[in-house]
Each structure stands twice: as C-alpha cells, then as structure tokens.
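Numbering (the working numbering), first residue to last: 123 to 183.
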C-alpha cells in the first residue's frame with residue numbers, strides 16, 4: 123500500500139490544491155456588499171424593529 127492509498131491521507135494529485143479560494147472570496151465580498159447596502163437603505167427601520175422586539179421580550183412597552 124502506498125501513501126496515496128492510505129485512508130485519510132492526501133493524494134499526490136491533490137496535495138497542492140487549495141480549493142476554490144477566488145469563489146469564496148467573491149461570496150464573502152458579495153455578502154459584505156449586501157449587508158452594507160441593507161444597512162444604508164434600511165438601518166433606521168432595522169433599529170426600530172430590534173428595539174421593539176427587545177422591548178417586547180423584556181416587558182417594556
């Protein structure tokens with residue numbers, strides 16, 4: 123049995139592969155952009171919604 127066939131070991135073919143790093147970077151940047159856009163467009167409404175929810179939980183009306 124060679125080292126490439128031992129369960130749990132990396133194969134020689136994929137040893138240098140790092141995965142889809144550019145794809146994950148793009149997903150991260152797009153998510154950050156969506157959060158920033160929502161924060162700019164609806165930040166006041168989200169704050170009011172959060173405050174209302176916290177007041178309902180704590181009993182302050």
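We put the beta carbon where it would ideally sit given N, CA and C, even for glycine.
| field | DSSP state of residue 142 mapped onto helix, strand, coil | value | coil
| request: Express the C-alpha separation of residue 165 and residue 148 in angstroms, rounding to a whole number. | output: 24 Å
| query | Does DSSP put residue 167 in a helix, in a strand, or in coil? | reply | helix
| said: residue 156 and residue 168 - do their beta-carbons sit closer together than 9 Å? | reply: no
| CA-to-CA distance, residue 154 to residue 162, given in whole angstroms | 12 Å
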